[in-house]
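These notes are about the structure you will find just below.
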Amino acid sequence: MRETFARNKVLSVLVIILLLTNLLLLFFFVWRTPEEAPKSNNKGRGEVLQLLEKQVGFSKEQLEQYKQLKDQHWERLKPSFGELRAARDSFYILLKQDSVPDSVLTAAADSIGAKQVTIDLQTYRHFREVRSLCTPEQLPQYDSVVQHVMKKMNNFRKSPPKEDSLKK
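Under our numbering, the first residue of the sequence shown carries the number 610, and numbering increases by one thereafter.
Written as structure tokens, this is what we have:
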């Protein structure tokens, strides 16, 4: 009898602990104010401007020149991103076909690769243009910042989607 009472007491304590844990989680998710709302996908673009100002030491004039270069760069890239998206769509639409020759798959994949090469070359040229805005003293810091930004961009490209796109 005492064993049953002791077992019930332990179970009661465990139930109370679980209940308190659930209440804390509920409080955390419902009543907690978010520290910062998630930003749009353009998050990294403003970050580069801040890095150029704070870490590289860009002047107001250099920042204005950078903004102009950045706007021109994105205007040049927009069509390339559209072409890349269309090439990928054409590639994956082939999944609907029962049989697709390897030569067709290779040609479609090569098309995607060519579009990506265009984007990468334009991005490289853009960073070279921005580099030309730097004073000799700023160059080492700029080179470091660019490497940091490129690593973040590559990690972003490699990261898996945050939510299942089929659950929309």
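All C-beta atoms in this analysis are idealised placements derived from N, C-alpha and C, irrespective of residue type, glycine included.
- Task: Pull up the distance between the alpha-carbon of V639 and that of V622, whole angstroms please.
- Result: 26 Å
- Task: Have a look at V739 and F690 and give me their C-alpha separation to the nearest angstrom.
- Result: 21 Å
- Validate contact between the stretch 667-687 and the stretch 735-751 using beta carbons, cut 8 Å, 3 pairs: yes
- Collapsed DSSP secondary structure at S712 in the structure displayed: helix
- Query: Just the Cα atoms here: how many angstroms apart are R685 and L658?
  - Reply: 19 Å
- Do you know whose CA, among L661, I728 and F736, lies nearest P688's CA? I728
- Message: I'd like to check one pair, L693 with K724: are the Cβ atoms closer than 8 Å?
- Response: yes
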